[in-house]
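A.B. asks:
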Amino acid sequence: MLTDNKSIAIVGGGPGGLTLARLLQLKKANVKVYERDFNKDARVQGSPLDMHEGSGMDALRGADLLEEFKNNYRPGADKTLIVNEQAEIIYSDHETKPDEDFGNEHFRPEIDRGPLRNMLLDSLEPDTVVWDSHFISMEVQGDGWLIHFKNGSSAYADIVIAADGANSKIRTYLTDLKPVYSGILMLEGNVYDAEKAAPHIKELIKDGKIMAFGNNKNLLLGQKGGGDLGFYASFRTEENWPKESGLDFSDQKQILEWFKKEYPEWNSIWYELFENSAVPFIPRPIYYMPLDQSWETQSNLTLLGDAAHVMPPFAGEGANMAMLDALELSRCLTSDQFKTLQEAISHYETQMRQRAAEATRESLENGDKMHSETALHTMLEFFSGH
Numbered sequence: 001m002l003t004d005n006k007s008i009a010i011v012g013g014g015p016g017g018l019t020l021a022r023l024l025q026l027k028k029a030n031v032k033v034y035e036r037d038f039n040k041d042a043r044v045q046g047s048p049l050d051m052h053e054g055s056g057m058d059a060l061r062g063a064d065l066l067e068e069f070k071n072n073y074r075p076g077a078d079k080t081l082i083v084n085e086q087a088e089i090i091y092s093d094h095e096t097k098p099d100e101d102f103g104n105e106h107f108r109p110e111i112d113r114g115p116l117r118n119m120l121l122d123s124l125e126p127d128t129v130v131w132d133s134h135f136i137s138m139e140v141q142g143d144g145w146l147i148h149f150k151n152g153s154s155a156y157a158d159i160v161i162a163a164d165g166a167n168s169k170i171r172t173y174l175t176d177l178k179p180v181y182s183g184i185l186m187l188e189g190n191v192y193d194a195e196k197a198a199p200h201i202k203e204l205i206k207d208g209k210i211m212a213f214g215n216n217k218n219l220l221l222g223q224k225g226g227g228d229l230g231f232y233a234s235f236r237t238e239e240n241w242p243k244e245s246g247l248d249f250s251d252q253k254q255i256l257e258w259f260k261k262e263y264p265e266w267n268s269i270w271y272e273l274f275e276n277s278a279v280p281f282i283p284r285p286i287y288y289m290p291l292d293q294s295w296e297t298q299s300n301l302t303l304l305g306d307a308a309h310v311m312p313p314f315a316g317e318g319a320n321m322a323m324l325d326a327l328e329l330s331r332c333l334t335s336d337q338f339k340t341l342q343e344a345i346s347h348y349e350t351q352m353r354q355r356a357a358e359a360t361r362e363s364l365e366n367g368d369k370m371h372s373e374t375a376l377h378t379m380l381e382f383f384s385g386h
């Protein structure tokens with residue numbers, strides 16, 4: 001194999017990086033994952049992920065983790081309500097969606113990020129992940145790279161794979177192309193113990209998801225494990241809105257007043273979210289990579305996931321594309337059809353960029369539809385078609 005006698009460094013321990021490590025270890029490759037978190041419990045993991053056939057689910061099967069996934073996913077969490085700004089239910093699949101239908105292209109089982117990460121971590125050989133490894137820089141050394149970390153340590157690798165997310169520092173070693181602002185910002189909040197803190201919303205959501213549309217704006221809500229609830233107020237604004245708004249995102253009352261002002265037609269039931277959210281709220285400007293991006297392939301460096309192709313979340317493809325990247329990159333690196341690492345990486349990158357461009361285009365189109373005057377009607381048509 002091309003990876004024989006090669007050391008591989010994956011920088012970033014998200015779903016893509018950990019999936020790649022698992023897949024490569026199944027092929028007996030020498031892999032380390034360098035992760036900036038101090039340990040696996042260093043931070044709360046974000047909103048749940050829905051796994052798609054043809055991408056995330058394929059990667060889990062390739063990693064021989066399907067049965068483990070079935071032990072960790074949350075049945076029913078993929079059930080969806082579409083409501084208007086008054087919280088009136090316009091569409092529900094709660095009665096029609098089968099609870100478990102693995103292999104069905106429309107079945108998108110949900111899993112919390114924490115259990116997914118733990119499942120992937122547990123599948124790796126001991127000491128695969130080197131924690132507290134915050135990437136600072138790297139330099140060419142021989143045929144590989146010498147990587148430097150914030151804690152003062154360094155590591156050599158024959159091949160470096162950047163899985164370090166949307167703000168990837170390693171990406172700059174391949175290309176100067178930077179992410180583009182989509183025009184949409186999502187303000188994130190989290191309600192812990194929603195049954196007590198937001199009982200009316202908890203009763204409405206029924207452990208699934210809610211998409212609320214009205215007046216070119218959205219509220220997107222998802223039930224998390226442990227009874228917690230994550231939500232996003234999603235709207236069009238300027239890229240520098242977080243600074244120019246003058247808002248203190250650690251002030252619940254101030255953010256509630258902002259919501260009342262900016263979402264004036266919306267029912268007071270939604271106030272429960274803002275009154276009881278943990279602080280700070282997190283403003284997230286939504287970015288994407290140019291659809292026609294390209295770079296010159298190197299024989300010892302490549303990218304996957306958000307580092308390669310960050311995209312809006314409006315098609316649920318980000319983590320799925322990262323895990324599919326991992327599956328296809330692992331196949332290229334361990335295949336006997338390529339004569340050199342450069343040829344293998346070039347094949348992977350060409351296919352990856354094409355796939356990512358299509359997913360990004362779909363995500364951008366969905367974002368436009370979800371923030372239009374006809375969003376409710378358009379999304380109703382879309383979901384009814386399924």
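With UniProt numbering, the residue at position 193 of the sequence shown is 193, and numbering never jumps. Glycine is no exception: its CB is placed at the ideal position from the N, C-alpha and C atoms.
Could you tell me the distance, in whole angstroms, from the CA atom of Asp193 to the CA atom of Ile282?
C.D. replies: 19 Å
A.B. asks: Contact between the region 47-62 and the region 175-184: three or more CB pairs below 8 Å?
C.D. replies: These segments do not touch.
A.B. asks: Kindly indicate the opening and closing residues of the beta strand (DSSP E) around Thr302.
C.D. replies: The continuous beta strand (DSSP E) containing Thr302 extends over residues 301-303.
A.B. asks: Once you ignore the five residues that flank His94 on each side, which residues in its own chain have a CB closer than 6 Å to its CB?
C.D. replies: Lys79
A.B. asks: Output the distance between the C-alpha atoms of Glu302 and Glu349, rounded to the nearest integer angstrom.
C.D. replies: For the record, residue 302 in the displayed sequence is Thr; it is not Glu. Computed Cα separation, rounded: 8 Å.
A.B. asks: Does DSSP classify Leu341 as helix, strand or coil?
C.D. replies: DSSP places Leu341 in helix when its eight states are reduced to three.
A.B. asks: Going straight from the alpha carbon of Thr172 to that of Val279, what length do you get?
C.D. replies: Approximately 33 Å, taken between the alpha carbons.
A.B. asks: Just the C-alpha distance for Asn167 and Ser277, rounded to the nearest angstrom, thanks.
C.D. replies: 26 Å
A.B. asks: Would you kindly work out how many angstroms separate the C-alpha atoms of Ala155 and Trp131, rounded to a whole number?
C.D. replies: 13 Å
A.B. asks: Are the beta-carbon atoms of Asn320 and Ser55 separated by less than 7 Å?
C.D. replies: Contact flag set, yes.
A.B. asks: Touching or not, the region 55-69 and the region 115-126, by the rule of three or more beta carbon pairs under 8 Å?
C.D. replies: These segments touch.
A.B. asks: In whole angstroms, give me the CA-to-CA distance for Asn335 and Glu53.
C.D. replies: A small fix is needed here, since residue 335 is Ser in this sequence, not Asn. Computed Cα separation, rounded: 23 Å.
A.B. asks: Using 8 Å as the cut-off, can you tell me whether the region 307-324 makes contact with the region 347-365, which would need three or more C-beta pairs spanning the two stretches below that distance?
C.D. replies: yes
A.B. asks: Express the C-alpha separation of Ser294 and Leu221 in angstroms, rounding to a whole number.
C.D. replies: 35 Å
A.B. asks: Strictly by DSSP, which residues pair up with Gln25?
C.D. replies: None, per the DSSP bridge assignment.
A.B. asks: For residue 389, report the span of its alpha helix (DSSP H) as first-last.
C.D. replies: The shown model of the chain, from 1 to 386, leaves out residue 389, and the question about it has no answer.
A.B. asks: For Leu364, which three-state DSSP category applies?
C.D. replies: In this structure, Leu364 counts as helix in the three-state DSSP scheme.
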